[in-house]
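The C-terminal residue of the sequence shown carries number 291 in UniProt numbering, and the numbering is unbroken.
A short worksheet on the structure shown next.
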Amino acid sequence: MALDRISVVIPPVGAWREQERWYRWADDVGYDVAYTYDHLTHATAPGMWLSEAFTTLTAAAGATERIRLGTLVASAVFRTPVTLARIAMTVQDITGGRLVLGLGAGAPTCALAHHGVREDPRAMAARFADVVRGYTAVLDGATDWEGTTLSFHGLQTTAAPEGASRPELLLAAHGPRALALAAAHADTWNTYGGPGSTALNPEEYWDLLARQADGFARACADAGRTPGAVRRSLLLGFGQVRPTAGVDAYLAAVERAEALGFDELVVYAPDSPAGMGSDPGVHERALSRLR
């Protein structure tokens, strides 16, 4: 098959003892990456506990053996270059190189929760770009760096512990500015379709993804990178396309994703909020057909 990764999102909802079993399950049934959110608040989890992303992944490293662990995605709204690099490289070291660092612009609701201001999209895009470029500068060994909205100076420590490689950098991108950023800096580009896509019917949704894939190919060409140099990752299940509704739906989603040139399909774990729950057996039977 064309997909080189089939992965799962395990929402950070509830106590660790409730989440842990799903990380062990994902490791056992053959998923390639287990991702978690990085939200301070979320409309799908009112009145629920959301655990912190990187702490959760550190705990998951001790509960798993093979599976890679990632953020889908860390939020540029409340992450900064130096602290993000320090956290990411710590988790990369602890996991033995299994981290996939997913990063996105973040949500206005998280900005409001973090510092009391509901950021507009242009400001969030500018900060996202600075977090990506600043993070890369830290890992490249910079001691001083100036961005448009963020900067750092006088950094005296090393970029990483001895022997630790930098993690795969996954960037979530939907519009032209973010696609250009991902084309220039990402190891992996991820999309779920973007804001508003969840209201589209399935054919409208797949048409949108096709346009985004074409836009990303153009952005790669503009950045001087061949499209094949960057993995393409698709998260499904938050809108009307629900691949885990049944084995046939899962296999059909894989076929559609492959046809658009995606390399990774990400689905939601069985125990997911907001009506995205599914039968573990569907995942297991679909994976057995795809492996």
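For glycine and all other residues, C-beta sits at the position ideal for the given N, C-alpha and C.
8 Å contact criterion, which residue i and residue j should meet: CB distance rounded
i, j, result
"Val33", "Ile67", "7 Å"
"Ala61", "Ile94", "6 Å"
"Ala263", "Asp4", "With the sequence shown as reference, residue 263 is identified as Asp, and Ala is not the correct amino acid for it. Contact holds; Cβ gap of about 5 Å."
"Ile6", "Leu265", "5 Å"
"Phe128", "Ala178", "7 Å"
"Trp145", "Gly154", "About 11 Å; that fails the 8 Å criterion."
Extent of the continuous alpha helix (DSSP H) run through residue i
i, result
"Val73", "Counting along the chain, Val73 falls outside any alpha helix (DSSP H), and DSSP gives it neither H nor E."
"Thr56", "Ala53 to Ala63"
"Trp25", "Trp16 to Val29"
"Arg5", "It is not in any alpha helix (DSSP H) - Arg5 instead sits in the beta strand (DSSP E) that spans Arg5 to Val9."
"Glu162", "From DSSP, Glu162 is part of no alpha helix (DSSP H); its letter is neither H nor E."
"Ala111", "Pro108 to His115"
"Tyr250", "Val247 to Ala259"
"Arg225", "Counting along the chain, Arg225 falls outside any alpha helix (DSSP H), and DSSP gives it neither H nor E."
"Leu40", "Note, Leu40: premise wrong, no alpha helix (DSSP H); not H, not E."
"Val241", "Neither: Val241 is in no alpha helix (DSSP H) and is coded neither H nor E."
"Met89", "Pro81 to Ile94"
"Arg177", "Pro176 to His185"
Separation of residue j from residue i, as counted between CA atoms
i, j, result
"Val82", "Arg285", "43 Å"
"Pro46", "Ala180", "34 Å"
"Ala105", "Ala113", "15 Å"
"Asp27", "Tyr35", "12 Å"
"Pro273", "Thr44", "6 Å"
"His115", "Thr109", "10 Å"
"Pro161", "Gln92", "10 Å"
"Ala123", "Ser151", "15 Å"
"His174", "Met89", "27 Å"
"Thr136", "Val9", "25 Å"
"Glu65", "Gly30", "11 Å"
"Ser278", "Gly141", "44 Å"
"Val138", "Ala159", "6 Å"
"Ser51", "Trp25", "19 Å"
"Glu203", "Asp130", "35 Å"
"Pro282", "Trp206", "The sequence given here places Val at residue 282; Pro does not occur at that position. Rounded to the nearest angstrom, the two C-alpha atoms are 22 Å apart."
"Pro11", "Thr55", "13 Å"
"Thr157", "Thr80", "16 Å"
"Ile87", "Gly163", "16 Å"
For residue i, the first and last residue of its enclosing beta strand (DSSP E)
i, result
"Gly104", "Leu99 to Gly104"
"Ser288", "Counting along the chain, Ser288 falls outside any beta strand (DSSP E), though it belongs to the alpha helix (DSSP H) covering Pro280 to Leu290."
"Thr198", "Neither: Thr198 is in no beta strand (DSSP E) and is coded neither H nor E."
"Glu264", "Glu264 to Tyr268"
"Arg133", "Arg133 -> not in any beta strand (DSSP E); alpha helix (DSSP H) instead, spanning Pro121 to Leu139."
"Ala34", "Val33 to Thr36"
"Thr191", "Thr188 to Thr191"
Short Cβ contact (8 Å threshold) for residue i with residue j
i, j, result
"Ala126", "Arg118", "no"
"Ala182", "Leu171", "yes"
"Leu290", "Val254", "yes"
"Val77", "Ala107", "yes"
"Leu72", "Asn190", "yes"
"Met276", "Gly237", "yes"
"Gly215", "Pro176", "yes"
"Arg242", "Ala252", "no"
"Leu260", "Ala221", "no"
"Trp22", "Ala269", "yes"
"Leu69", "Leu84", "no"
"Leu209", "Gly193", "yes"
"Thr244", "Val230", "no"
Environment of residue i [buried if 16+ CB atoms lie within 10 Å]
i, result
"Gln240", "exposed"
"Met48", "exposed"
"Ser288", "exposed"
"Thr148", "exposed"
"Gly102", "buried"
"Ser165", "exposed"
"Pro121", "exposed"
"Thr143", "exposed"
"Arg232", "buried"
"Thr41", "exposed"
"Glu168", "buried"
"Ala257", "buried"
"Ala15", "exposed"
"Gly96", "exposed"
"Ala74", "buried"
"Arg211", "exposed"
"Gln19", "buried"
"Ala219", "buried"
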